[in-house]
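A.B. asks:
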Amino acid sequence: MHVIIHRGSHQIGGSCIEVFSDKTRIILDIGEELPDLEGSKPKVAVPPNVGGLFKDEEKKIDAVFISHGHEDHIGLIQNIHLTIPVFIGEKAFRIYNITSRFTGGKIISNPTYQFQSGREIIIGDLSITPYLVDHSGFDAYAFLIKHDNKYIVYTGDFRCHGRKKKATEYFIANLPNNIDLLMVEGTMMNRMKEQVETEEEIEGKAYDFIKSKANPVFVLQSSTNIDRLVSMYRAAKKSRRMFVIDIFTAHIVSQLDNSIPKPGQFKDIRVFYPYHLTQRMFQEPGGDILMKEFNRYWISRKELSQRKNYCMLIRDSMLSDLQHIENLKESGFIYSIWSGYKRQERMAKILNYAKSINMEIMDIHTSGHACIDSLQRIIHGNRPKKIIPIHTEASQLFVEKFEGVYIPQDGEVISI
Ligand SMILES: [Zn+2]
Ligand SMILES: [Zn+2]
């Protein structure tokens, strides 16, 4: 069996790995590179160099497996040959498709198969078993690949400190003990000093902050970070506040099971319609149907201006909405995504606005990625023969910390 990391051996984002035998070729993730944070370089979607994967080529790839729905793992799925089957988690597939409806993208039109954790899939002479793992992106999987009694593991993005930590523990405990190659994410490798708190600790901190405020509290977070949304919902509910999400987030949570807070099922949730998004969606074919789906739970700017006892999720695209809600002086503002995004212009603008009206800004966040403890758990627990760091800018640090580390270049063939 052979592996090529087409992209990701020396960078975070844009991951694309090929695993192949003499008869079968599969791709794990087809990600788009992350945008430059300062926005000085325009974002151009550059596909990795994989023969037989893309639309304008003769198809030579047997299947594409997607670890999870973050853009840096799925972002170029629209470029692949339309006859290649795509394997993805059910919820990740649903979230991808509904997000596309709101962002002007397309739904996945390839033949699509939704896999289940622990259930083996055979493609040609390769066996692939997905395992659910804990990550900030919902419905994320690692893959165990077997061929001729050789084992390869690709972790995707994972962690052990979120609400699904038991899933990661189960995955690690159930791996065979003779792994030939472990491809492990190393996003945090050069950020080891960053404090890693559990989602429960995040919830506790958010509760303390919300409780201390007499005015509304806004939470800037990703709509697809469902663990975080649950933390914020629980903190708001404990503080006896109404929880306000926007129409896009309402559609995301509606794709998930009923344990996840959503309008209708949870009576204290209301839905806000961001102005620009609403204008645009009513011009899209079928957009009006999507927009009307939650109008029973609609909350207006006027009502938000009059009330104080709510906690509302926002994104950096909602500055003008925030500016049109009155009486927000000295409200609370929880910044709940990676601090690096503060360098982006749009983020800086919304934070500056919050400061200008004397909002108290509090950073409450924990990473979606594996901390050193998680890396040690998988590496020391399974003692793989060879370790290749991926999704990292600090692969050299693996050499210092672990034995058996090999650092390839993108495009290099690694045989096991
Ligand atoms: Zn991710
Ligand atoms: Zn990633």
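For what it's worth, the working numbering labels the leading residue of the sequence shown as 19, then goes sequentially.
Beta carbons are placed, not taken as given, at the ideal position from N, Cα and C, and that holds for glycine.
1) Suppose contacts are defined by Cβ-Cβ distances below 8 angstroms. Is residue 321 in contact with residue 350 by that definition?
2) At what residue ranges does the segment 274-331 contain a whole run of the beta strand (DSSP E), taking only runs of 3 or more?
3) In this structure, does DSSP put residue 265 in helix, strand or coil?
4) Counting along the chain, where does the beta strand (DSSP E) carrying residue 252 start and finish?
5) Please find out if some non-hydrogen atom of ligand 1 comes closer than 7 angstroms to the beta-carbon of residue 86.
6) By the 10 Å Cβ neighbour count, where 16 or more other Cβ atoms means buried, how is residue 259 classified, buried or exposed?
7) CB of residue 107 to nearest heavy atom of ligand 2: below 7 angstroms?
8) Is any heavy atom in ligand 2 found nearer than 7 angstroms to the beta carbon of residue 175?
9) Cβ of residue 383 within 7 angstroms of any heavy atom in ligand 1?
10) Output the distance between the C-alpha atoms of residue 74 and residue 181, rounded to the nearest integer angstrom.
11) Taking 8 angstroms as the threshold (beta carbon to beta carbon), is residue 22 in contact with chain C?
12) Which whole-angstrom value describes the C-beta separation of residue 32 and residue 50, a residue pair presumed to lie in contact below a C-beta threshold of 8 angstroms?
13) Please confirm whether any heavy atom of ligand 1 lies closer than 7 angstroms to the CB of residue 204.
14) Can you tell me the Cβ-Cβ gap for residue 227 and residue 382, rounded? I've got them flagged as a contact below 8 angstroms.
15) List the whole-angstrom C-beta distance separating residue 159 from residue 135, where the pair is believed to meet the contact cut-off of C-beta under 8 angstroms.
16) Pair every Cβ in the segment 82-102 with every Cβ in the segment 126-133, then say whether three or more of these pairs are closer than 8 angstroms.
17) What does DSSP give as the partner residues of residue 169 in its beta bridges?
18) Pick out the complete beta strand (DSSP E) segments inside the segment 87-128, 3 residues or longer, and give them in chain order.
19) Just to confirm my understanding: we take residue 402, look at its own chain, exclude 5 residues before and 5 after, and list those with CB closer than 6 angstroms. What are they?
20) Using a 10 Å radius around the Cβ and a threshold of 16 neighbouring Cβ atoms, would you call residue 175 buried or exposed?
21) Select from 194, 241, 36, 273 the residue whose C-alpha is nearest the C-alpha of residue 107.
22) Do residue 354 and residue 238 count as a contact pair if the criterion is CB distance below 8 angstroms?
23) Can you look up residue 225 in the DSSP assignment and give me helix, strand or coil?
24) Got a sec? Which residues, its chain only, sit under 6 angstroms from residue 145 by beta carbon, not counting five neighbours each side?
25) Grouping DSSP H, G and I as helix and E and B as strand, with all else coil, what is residue 189?
26) Determine whether the beta carbon atoms of residue 234 and residue 330 lie at a separation below 8 angstroms.
27) Look at the alpha carbon of residue 236 and the alpha carbon of residue 89, and state the distance between them as a whole number of angstroms.
28) For residue 79 versus residue 102, is the C-beta distance shorter than 8 angstroms?
29) Let me confirm a value: residue 184 is counted as buried when at least 16 other C-beta atoms fall within 10 Å, else exposed. Which label applies?
30) I believe residue 30 touches residue 205 by the beta-carbon criterion, under 8 angstroms. Please report the beta-carbon distance rounded to the nearest angstrom.
31) In terms of residue numbering, what span does the alpha helix (DSSP H) encompassing residue 387 cover?
32) For residue 342, name the three-state secondary structure that DSSP assigns.
33) Confirm, please, whether the CB-CB distance from residue 348 to residue 376 is below 8 angstroms.
34) What did DSSP end up calling residue 214 once you bin it into helix, strand or coil?
35) Alpha carbon to alpha carbon, what distance is there between residue 345 and residue 151?
36) Can you list, in chain order, the stretches of the alpha helix (DSSP H) that have 4 or more residues and sit fully within the segment 371-422?
C.D. replies: For this structure:
1) Looking up residue 321 in the sequence shown gives position 303. Looking up residue 350 in the sequence shown gives position 332. Residue 350 is positioned such that its CB atom lies no closer than 8 angstroms to that of residue 321.
2) Those beta strand (DSSP E) runs which fall completely within the segment 274-331 and span 3+ residues are 287-290.
3) For this step, residue 265 is matched to residue 247 along the sequence shown. Residue 265: helix per DSSP, three-state reduction.
4) In the sequence shown, the residue the question calls residue 252 occupies position 234. Where residue 252 is concerned, there is no enclosing beta strand (DSSP E), although the alpha helix (DSSP H) it sits in stretches over 244-256.
5) Your numbering for residue 86 matches position 68 in the sequence shown. Residue 86: yes, Cβ under 7 angstroms from ligand 1.
6) Counting from 1 along the sequence shown, the entry for residue 259 is found at position 241. For residue 259, the number of other beta carbons within 10 angstroms of its own is at least 16, and it is reported as buried.
7) Translated into the one-based positions of the sequence shown, residue 107 becomes position 89. Look at residue 107: its beta carbon is at least 7 angstroms from all of the heavy atoms in ligand 2.
8) For the purposes of this step, residue 175 is taken as residue 157 along the sequence shown, with counting starting at 1. Inclusion of residue 175 in the 7 angstroms shell around ligand 2 follows from its C-beta lying nearer than that to a non-hydrogen atom of the ligand.
9) By 1-based counting over the sequence shown, the position of residue 383 is 365. Residue 383 Cβ: outside cutoff for every heavy atom of ligand 1.
10) Counting from 1 along the sequence shown, the entry for residue 74 is found at position 56. Counting from 1 along the sequence shown, the entry for residue 181 is found at position 163. Roughly 42 angstroms separates the two Cα atoms.
11) The structure shown contains no chain C; it holds only a single protein chain.
12) Position 14 of the sequence shown, counted from the first residue, corresponds to residue 32. Position 32 of the sequence shown, counted from the first residue, corresponds to residue 50. A Cβ-Cβ separation of about 6 angstroms places residue 32 in contact with residue 50 under the 8 angstroms criterion.
13) Working through the sequence shown from its first residue, we reach residue 204 at position 186. No, ligand 1 has no heavy atom inside 7 angstroms of this Cβ.
14) Here residue 227 refers to the residue found at position 209 when the sequence shown is read from its first residue. Here residue 382 refers to the residue found at position 364 when the sequence shown is read from its first residue. The C-beta distance from residue 227 to residue 382 rounds to 7 angstroms, short enough to fall under 8 angstroms.
15) Reading the sequence shown from its first residue, position 141 is the one you call residue 159. Reading the sequence shown from its first residue, position 117 is the one you call residue 135. That pair is a contact at about 7 angstroms.
16) Contact between the segment 82-102 and the segment 126-133 is present, because at least three Cβ pairs lie under 8 angstroms.
17) Position 151 of the sequence shown, counted from the start, is the residue given in the question as residue 169. Under DSSP, the beta-bridge partners assigned to residue 169 are 164.
18) Counting only runs that start and end inside the segment 87-128, the beta strand (DSSP E) elements of at least 3 residues fall at 104-107.
19) The residue labelled residue 402 in the question sits at position 384 within the sequence shown. Within the same chain, and ignoring the five residues on either side of residue 402 in sequence, the residues whose Cβ sits closer than 6 angstroms to its Cβ are 197, 200.
20) In the sequence shown, counting from the first residue as 1, residue 175 sits at position 157. Its Cβ being crowded by 16 or more others within 10 Å, residue 175 is buried.
21) Stepping through the sequence shown from its first residue, residue 107 is reached at position 89. If you compare the alpha carbons of 194, 241, 36, 273 with that of residue 107, the shortest gap goes to 273.
22) Stepping through the sequence shown from its first residue, residue 238 is reached at position 220. Stepping through the sequence shown from its first residue, residue 354 is reached at position 336. Yes, they are a contact pair.
23) For the purposes of this step, residue 225 is identified with residue 207 of the sequence shown, where counting begins at 1. Reduced to three states, the DSSP call for residue 225 is helix.
24) By 1-based counting over the sequence shown, the position of residue 145 is 127. Taken in chain order, the residues that qualify are 138, 164.
25) Position 171 of the sequence shown, counted from the first residue, corresponds to residue 189. If DSSP states are grouped into helix, strand and coil, residue 189 belongs with the helices.
26) Sequence index remark: in the sequence shown, residue 234 carries index 216 (1-based). Sequence index remark: in the sequence shown, residue 330 carries index 312 (1-based). For the 8 angstroms CB-CB criterion, residue 234 and residue 330 form a contact.
27) For the purposes of this step, residue 236 is identified with residue 218 of the sequence shown, where counting begins at 1. For the purposes of this step, residue 89 is identified with residue 71 of the sequence shown, where counting begins at 1. About 25 angstroms.
28) Residue 79 sits at position 61 when you count from the first residue of the sequence shown. Residue 102 sits at position 84 when you count from the first residue of the sequence shown. Cβ distance < 8 angstroms, so residue 79 and residue 102 count as in contact.
29) Looking up residue 184 in the sequence shown gives position 166. With a threshold of 16 other beta carbon atoms within 10 Å, residue 184 falls short and is exposed.
30) Numbered from its first residue, the sequence shown carries residue 30 at position 12. Numbered from its first residue, the sequence shown carries residue 205 at position 187. In this structure residue 30 touches residue 205 by the C-beta definition: roughly 6 angstroms separates them, less than 8 angstroms.
31) As a position in the sequence shown, residue 387 is number 369, starting the count at 1. From DSSP, residue 387 is part of no alpha helix (DSSP H); its letter is neither H nor E.
32) Taking the first residue of the sequence shown as position 1, residue 342 is located at position 324. Coil.
33) As a working note, residue 376 is residue 358 in the sequence shown. As a working note, residue 348 is residue 330 in the sequence shown. Between residue 376 and residue 348, the C-beta spacing is below 8 angstroms.
34) Here the question's residue 214 lines up with position 196 in the sequence shown. Residue state, collapsed to three classes: coil.
35) As a working mapping, residue 151 is identified with position 133 in the sequence shown. As a working mapping, residue 345 is identified with position 327 in the sequence shown. Looking at the two C-alpha atoms, the distance is approximately 42 angstroms.
36) Qualifying alpha helix (DSSP H) stretches, in chain order: 390-400, 413-419.
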